[in-house]
Amino acid sequence: MVTHPIQFPFYPMLSPRIKQVSYPLLALVAPSLLAEATPSKPLDLREILQAAAKIDQLLEADLKAKKLQPLPIVSEGTFVRRTYLNIVGRIPTAMEASRFLDDKTPDKRTRLIEQLISSPGYDSSAFNYFADLLRLQTNEEQYGLGWHVWLRNSLASDKPWNNIVHEMLSAEGHTSKNPAVGYYLRDRGMLLDNVSNTVQVFLGHQIGCAQCHDHPFDSWTQMEYYEMAAFSGGITYRSDEARQLVNKVADHSRKNHPGMNRAFKSKNKATRAKARGSLLRRITGEMRYLLRYFNRNEIVESRSQELKLPDDYQYKDGEPGEVIQPATLFGLQASEVNPEDRRKVFADWVTSDENPYFAKVIANRLWRRTFGHGLVDPVDDWSDKLKGSHPEVLNYIEKVMKGVGYRTRDFERILYHTKLFQRQVSPVEATPGTDYDFIGPQLRRMSAEELYDSFTVLAFGNTDDKVNTGLEYKWKNYQSDVDALLNLSASKLIESSQEAQEMDDQRRIYQRKNREIQIAITKAKAAGNIQEERRLKRQQTQLRANGRKKQESMTGMSAVTNRSSRAGRAAVNMRASEHPSPFSAGSMVRQFGGSDRNSPEAAHTDATIPQALTLLNGQAAAGTENRRSKTFEALAEITNPEQRLEYLFLAFYSCRPSAAEKKDLLPLAEDREDIFTLARAMLTSKRYLFVQ
12 MVTHPIQFPF
22 YPMLSPRIKQ
32 VSYPLLALVA
42 PSLLAEATPS
52 KPLDLREILQ
62 AAAKIDQLLE
72 ADLKAKKLQP
82 LPIVSEGTFV
92 RRTYLNIVGR
102 IPTAMEASRF
112 LDDKTPDKRT
122 RLIEQLISSP
132 GYDSSAFNYF
142 ADLLRLQTNE
152 EQYGLGWHVW
162 LRNSLASDKP
172 WNNIVHEMLS
182 AEGHTSKNPA
192 VGYYLRDRGM
202 LLDNVSNTVQ
212 VFLGHQIGCA
222 QCHDHPFDSW
232 TQMEYYEMAA
242 FSGGITYRSD
252 EARQLVNKVA
262 DHSRKNHPGM
272 NRAFKSKNKA
282 TRAKARGSLL
292 RRITGEMRYL
302 LRYFNRNEIV
312 ESRSQELKLP
322 DDYQYKDGEP
332 GEVIQPATLF
342 GLQASEVNPE
352 DRRKVFADWV
362 TSDENPYFAK
372 VIANRLWRRT
382 FGHGLVDPVD
392 DWSDKLKGSH
402 PEVLNYIEKV
412 MKGVGYRTRD
422 FERILYHTKL
432 FQRQVSPVEA
442 TPGTDYDFIG
452 PQLRRMSAEE
462 LYDSFTVLAF
472 GNTDDKVNTG
482 LEYKWKNYQS
492 DVDALLNLSA
502 SKLIESSQEA
512 QEMDDQRRIY
522 QRKNREIQIA
532 ITKAKAAGNI
542 QEERRLKRQQ
552 TQLRANGRKK
562 QESMTGMSAV
572 TNRSSRAGRA
582 AVNMRASEHP
592 SPFSAGSMVR
602 QFGGSDRNSP
612 EAAHTDATIP
622 QALTLLNGQA
632 AAGTENRRSK
642 TFEALAEITN
652 PEQRLEYLFL
662 AFYSCRPSAA
672 EKKDLLPLAE
682 DREDIFTLAR
692 AMLTSKRYLF
702 VQ
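Numbered according to the numbering used here, the sequence shown spans residues 12 to 703.
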């Protein structure tokens, strides 16, 4: 049982009267969209409100049939705070909350949703969600940075979800030319795990058990699993660009060393092939420091490579080591797929409107993101038997997802404009994995990123427009370096190879010296020799500075030869989405359940003791309470105790204090020191931490 941290009075919904219009395709689709399969632009507000009203109509009819009553509409203070947190992933500033509360126009809720859904804050919040879903890791070699930038830009530009998924599943080439290959490179060498994640994330089925044996709780067989995996059986981590560079240097070497030509001009084919192979092996070895990460950041489709059953396969429908032909699990069946088209056919099948799960799975995921629980729960373990808590609503939102052309921003606009979004949260917590009747949204704690971004608001104000340009800058530099390398002459490639080897030698020397100094620091610290410890730390700092200077003095090809992208760090006043993903294990975001990006949607809001300590003593909370923060600068300037208390409530709770709260708390607001104590209590309160 979950109880409300505080109760608010009922307020009627404030929205304009919308003329009901009936369209033959969907209840929301405009006549101008009937002629095209995918809308060419976002839907207008009238169509959005029409679809939202239809969802409410279906939902309330179902609740009535179950003899259930929807909960009342929330107060303005609750609405403005919930709307900011759900749509842009942070609390509103005191000024933003005050502006909404003082607005007397009847359509202000509608206008606020429309304003926020098209803001940079929504882009930030949406990226956090999809990066968690896709297990994106920014600093995982060069491809991680490119995939990060590509996904962020794709979402911000309203690229439809089916296009994003199709581009990832059919991606091929080097990451510098096609960053979407990051989806497969994320699981390099783990093809079967990638297949399991793909089906779970995009189609809502957990088939991983069938990788080793027939699924014990579902109908999937191991053979069906391998037939599905066979679509990706041709993936090869090999760089055609690197091979072309090796050939370029080999041809240069042969032309400039006439002695080689005798073997190459031999009439014996085997002799010529042996000479060619020997030369290529030598050149490949000499260029290994320059090109060693090319193969790790590129995907090519091998026509000759096929997936085979494992050696321990024990079922009667196949033999160990047997080559498997691609086949789909459900829906439209693929047959006689050309080897070079396997992943394109797979991407077509996954994202097709005819696929029975693709649209409804993402629609249900976003429903849970908005209302706290899926219409079908869990959201990634579907079966034919699952109908969901409100089947007609589920069927409708699947049509809505297709009707908006898989634009997730438009789809979420519709959900935010429902009456359901404005209702009080349910007093009963939904049990994970069970149906929940949506009399209102679920009460939830802020996500780790929402907490982080809300602390940022209290310390720095609205920083939604603060962008970590270092990420895109570093990615553009990497692309330029790769492009420059591919266009170098053979002689310059030889020079660059020698330089890359020198860089690698210097790196090894640096690592050895740094390790020796670190061991000495540990020993000095254990012995209590503070003076020696400080001397060694200065020596270590100087070593690192010299290492950076040495690297900067070398060619710009360092980005190509370095294993990790080490994407640019975000400034302290930037939102969570501007930081490389995931946050480090000891960070505030991870302490509050931020994802490690090792499994889909790994983030959680489970309470822990370290979280309480972080709220009381952590760096983020300390920055919020710092007298130089925006919140406390404003408090210091306000002399009237009543205004001071009102500002504090607006900053933390997005509402003004009630008469009873004024009576109890005004004495604290009269003293400048006591007001800071009150602020600490508010910051750690359930009323602050939970989204009502």
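Note that CB positions come from ideal geometry on N, CA and C, so glycine has one too.
The structure displayed is predicted, hence computed values, not measured ones.
(Q) Buried or exposed for residue 527, going by 16 or more other Cβ atoms inside 10 Å? (A) Residue numbering aside, residue 527 sits at position 516 when the sequence shown is read from its first letter. That one is exposed.
Q: Starting from residue 310, follow the beta strand (DSSP E) in both directions and report where the run begins and ends.
A: The residue labelled residue 310 in the question sits at position 299 within the sequence shown. Where residue 310 is concerned, the enclosing beta strand (DSSP E) stretches over 309-312.
Q) In three-state terms, what does DSSP make of residue 185? A) Counting from one through the sequence shown, the residue named residue 185 turns up at place 174. Here residue 185 sits in strand by DSSP.
Q. Going by C-alpha distance, which of 213, 610, 510 and 532 is nearest residue 299?
A. The count along the sequence shown starts at 1 and reaches residue 299 at position 288. The shortest Cα separation from residue 299 among 213, 610, 510 and 532 belongs to 510.
Q) Beta-carbon separation of residue 306 and residue 250 under 9 Å? A) Along the sequence shown, read from residue 1 onward, the residue named residue 306 stands at position 295. Along the sequence shown, read from residue 1 onward, the residue named residue 250 stands at position 239. For the pair residue 306 and residue 250, the CB atoms are nearer than the 9 Å cut-off.
Q.
Restricting to runs no shorter than 4 residues, where is the alpha helix (DSSP H) found entirely within the region 576-623?
A. Complete alpha helix (DSSP H) runs here, min 4: 599-602.
(Q) For residue 426, report the span of its alpha helix (DSSP H) as first-last. (A) In the sequence shown, residue 426 corresponds to position 415, counting from 1. Start and end: 419-427.
Q) When the Cα atoms are used, what is the spatial distance from residue 393 to residue 533? A) One-based indexing of the sequence shown puts residue 393 at position 382. One-based indexing of the sequence shown puts residue 533 at position 522. Straight-line Cα distance between these residues: approximately 53 Å.
(Q) Quick check on the DSSP output: the alpha helix (DSSP H) that includes residue 106 runs from which residue to which? (A) In the sequence shown, counting from the first residue as 1, residue 106 sits at position 95. Annotation for residue 106: the continuous alpha helix (DSSP H) segment containing it runs 105-113.
(Q) Tell me the rounded alpha-carbon separation between residue 193 and residue 162. (A) What you label residue 193 is simply residue 182 of the sequence shown in a count that begins at 1. What you label residue 162 is simply residue 151 of the sequence shown in a count that begins at 1. Each residue's Cα considered, the two are about 10 Å apart.
Q. So the alpha helix (DSSP H) residue 393 belongs to, where does it begin and stop?
A. Within the sequence shown, numbered from 1, the residue matching residue 393 stands at position 382. No alpha helix (DSSP H) holds residue 393; DSSP gives it neither H nor E.
Q: Measure the beta-carbon distance from residue 701 to residue 456 and round it to whole angstroms, keeping in mind my assumption that it falls under 8 Å.
A: Here residue 701 is taken as the residue at index 690 of the sequence shown, counted from 1. Here residue 456 is taken as the residue at index 445 of the sequence shown, counted from 1. The pair is a contact, with the Cβ atoms about 5 Å apart (cut-off 8 Å).
**Q.** Supposed contact pair residue 461 and residue 96 - C-beta distance, whole angstroms, cut 8 Å
**A.** By one-based count along the sequence shown, residue 96 stands at place 85. By one-based count along the sequence shown, residue 461 stands at place 450. Sure, about 6 Å apart at Cβ, within 8 Å.
Q.
Tell me which residues share the same chain as residue 367 and place their Cβ nearer than 7 Å to its Cβ, disregarding the 5 neighbours each side in the sequence.
A. For the purposes of this step, residue 367 is taken as the residue at position 356 of the sequence shown. Cβ neighbours of residue 367 beyond the five flanking positions: 341 and 342.
Q) So residue 252 and residue 185 are in contact, right, with Cβ under 8 Å, and what is the actual spacing, rounded? A) Your numbering for residue 252 matches position 241 in the sequence shown. Your numbering for residue 185 matches position 174 in the sequence shown. By a beta-carbon distance limit of 8 Å, residue 252 contacts residue 185. Their separation comes to about 6 Å.
Q: Would you decide whether residue 557 is buried or exposed? Buried here means 16 or more other CB atoms lie within 10 Å of its CB.
A: Along the sequence shown, read from residue 1 onward, the residue named residue 557 stands at position 546. Residue 557 comes out exposed.
Q | Proximity below 9 Å, CB of residue 490 to CB of residue 187 | A | Here the question's residue 490 lines up with position 479 in the sequence shown. Here the question's residue 187 lines up with position 176 in the sequence shown. Going by C-beta atoms, residue 490 is nearer than 9 Å to residue 187.
Q. Since residue 146 contacts residue 696 with CB under 8 Å, what's their CB separation in whole angstroms?
A. As a position in the sequence shown, residue 146 is number 135, starting the count at 1. As a position in the sequence shown, residue 696 is number 685, starting the count at 1. Not a contact, Cβ separation roughly 34 Å.
Q) Mapping DSSP to helix, strand and coil, what is residue 40? A) Along the sequence shown, read from residue 1 onward, the residue named residue 40 stands at position 29. Model confidence at residue 40 stands at a pLDDT of 44, short of 50, so the residue's coordinates are unreliable and nothing is read from them.
Q | Element boundaries [alpha helix (DSSP H), containing residue 54] | A | Taking the sequence shown and counting its residues from 1, one reaches residue 54 at position 43. Run containing residue 54: none; DSSP gives neither H nor E here.
Q) Between the C-alpha atoms of residue 646 and residue 362, what's the straight-line distance to the nearest angstrom? A) Taking the first residue of the sequence shown as 1, we reach residue 646 at position 635. Taking the first residue of the sequence shown as 1, we reach residue 362 at position 351. Distance between the alpha carbons of residue 646 and residue 362: 53 Å.
Q.
On a Cα-Cα basis, can you pick out the residue from 140, 141 and 103 that is closest to residue 124?
A. Sequence index remark: in the sequence shown, residue 124 carries index 113 (1-based). Among 140, 141 and 103, the Cα nearest to that of residue 124 belongs to 103.
Q) Hey, residue 404 and residue 69 are a contact pair by Cβ (cut 8 Å); roughly how many whole angstroms apart? A) Taking the sequence shown and counting its residues from 1, one reaches residue 404 at position 393. Taking the sequence shown and counting its residues from 1, one reaches residue 69 at position 58. About 5 Å separates the Cβ atoms of residue 404 and residue 69, confirming a contact at the 8 Å cut-off.
**Q.** Nearest-angstrom Cβ-Cβ length linking residue 381 and residue 172, presumed shorter than 8 Å
**A.** Working through the sequence shown from its first residue, we reach residue 381 at position 370. Working through the sequence shown from its first residue, we reach residue 172 at position 161. Wrong, their Cβ atoms sit about 15 Å apart, outside the cutoff.
Q: For residue 290, collect the residues of the same chain with a Cβ closer than 8 Å to its Cβ; drop the 5 residues on either side in sequence, then sort them by chain order.
A: Along the sequence shown, one-based indexing puts residue 290 at 279. Within the same chain, residue 290 has close Cβ partners 261, 264, 265 and 271.
Q.
So, with DSSP's three-state summary, where would you put residue 692?
A. One-based indexing of the sequence shown puts residue 692 at position 681. Residue state, collapsed to three classes: helix.
Q.
What would DSSP say about residue 197, mapped onto helix, strand or coil?
A. What you label residue 197 is simply residue 186 of the sequence shown in a count that begins at 1. Shown here, residue 197 sits in coil according to DSSP, grouped into three states, outside any helix or strand.
Q: Quick one: residues in its chain with C-beta nearer than 8 Å to the C-beta of residue 601, no 5 flanking neighbours on either side, listed in chain order?
A: As a working mapping, residue 601 is identified with position 590 in the sequence shown. Here the set comprises 459, 593, 594, 595 and 607.
Q.
With three or more beta-carbon pairs closer than 8 Å as the criterion, would you say the region 464-477 touches the region 640-656?
A. The answer is yes - the region 640-656 touches the region 464-477, with three or more Cβ pairs under 8 Å.
Q: Kindly list the residues whose CB is nearer than 8 Å to the CB of residue 372, restricted to its own chain and excluding five residues on each side of it in sequence; keep chain order.
A: Start at 1 with the first residue of the sequence shown, and residue 372 comes out as number 361. In its chain, beyond the 5 residues on either side, 213, 214, 215, 390, 391 and 393 have a beta carbon closer than 8 Å to the beta carbon of residue 372.
Q: Buried or exposed for residue 292, please, with buried defined as at least 16 other CB atoms from any protein chain shown within 10 angstroms of its CB.
A: Here residue 292 refers to the residue found at position 281 when the sequence shown is read from its first residue. By the Cβ-count criterion, residue 292 is exposed, with fewer than 16 other Cβ atoms from all chains shown falling within 10 Å of its own Cβ.
Q) Closest to residue 257 by CA distance: which of 232, 302, 240 and 220 is it? A) Numbered from its first residue, the sequence shown carries residue 257 at position 246. Across the set 232, 302, 240 and 220, the C-alpha of 302 shows the shortest separation from the C-alpha of residue 257.
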